[in-house]
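**Q** Below: one structure in structure tokens.
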Amino acid sequence: MADRGGVVYDTKELSWDVLKTEIDLGWRWRATVVDGVLFCYDYLGKIRGFDENVGCWRELKGLDSGGLHKFLCGATMANVGGNLCVLWERKGVGKEMEIGCAEISIRKSSVSGNELWGSIVWSQVILVVPNGSSVVHCLAVGL
1 MADRGGVVYD TKELSWDVLK TEIDLGWRWR ATVVDGVLFC YDYLGKIRGF
51 DENVGCWREL KGLDSGGLHK FLCGATMANV GGNLCVLWER KGVGKEMEIG
101 CAEISIRKSS VSGNELWGSI VWSQVILVVP NGSSVVHCLA VGL
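Using UniProt numbering, the letters of the sequence shown correspond one by one to residues 1 to 143.
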């Protein structure tokens, strides 16, 4: 996949194809799928989800009061036990950088089914590293 003009592999058809315009226009790399919805953060730093059944990108609501900052760069996502896990970088003290992590439970609106809502299960700094370090990828591994 790429930021624009990406391709997708269909695991059922075992074939590659060009991304549909609707998904390609909102796509940012470092994304993950939770409950059939592709999640990533947009150029404004907000988490968005693309549900192919609806055919459009929607903002993940309910996170404004949770203390998460906007993810402008250096964030990555994974599906951990059916929840959205987000890791990000932020400036620490002195020559340090902090790696933050949040686990977010996801639900679709029961009224319209077209809204995506998130609730922060937990959020904290999980690691302090030297400046210049970066999160390259996030992968959930079940043991």
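All C-beta atoms, glycine included, are put in the ideal place defined by N, C-alpha and C.
(1) I'd like to check one pair, Ile-99 with Val-125: are the Cβ atoms closer than 8 Å?
(2) Heavy atom of the ligand MN less than 7 Å from the Cβ of Ile-120, yes or no?
(3) In terms of alpha-carbon separation, which member of Val-7, Arg-107, Val-33 lies closest to Ala-140?
(4) Tell whether a beta-carbon distance below 8 Å holds between Glu-89 and Ser-134.
(5) Once you ignore the five residues that flank Val-121 on each side, which residues in its own chain have a CB closer than 7 Å to its CB?
(6) In angstroms with no decimal places, state the Cα-to-Cα distance between Asp-51 and Cys-40.
(7) Would you identify the three-state DSSP class for Asp-35, choosing helix, strand or coil?
(8) Between the alpha carbons of Gly-81 and Leu-87, how many angstroms are there, rounded?
(9) Hey, how far is the Cα of Arg-107 from the Cα of Val-18?
(10) Among Asp-10, Cys-138, Thr-11, which one has its Cα closest to the Cα of Asn-79?
(11) State the DSSP-derived secondary structure class of Asp-3, mapped to helix, strand or coil.
(12) Can you have a look at Val-111 and say buried or exposed, based on whether 16 or more other CB atoms are within 10 angstroms of its CB?
(13) Along the chain, where does the beta strand (DSSP E) containing Cys-101 start, and where does it finish?
(14) Around the C-beta of Cys-85, are 16 or more other C-beta atoms found within 10 angstroms, so that it is buried, or is it exposed?
**A** According to the data block:
(1) yes
(2) What this structure holds is no ligand at all, so the ligand MN is not there to describe.
(3) Val-33
(4) yes
(5) Asn-83, Glu-103, Ile-104, Ser-105
(6) 12 Å
(7) coil
(8) 16 Å
(9) 29 Å
(10) Cys-138
(11) Because the pLDDT of Asp-3 is 48, which lies under 50, any placement of that residue in the model is unreliable, and the question is left without a value.
(12) exposed
(13) 96 to 108
(14) buried
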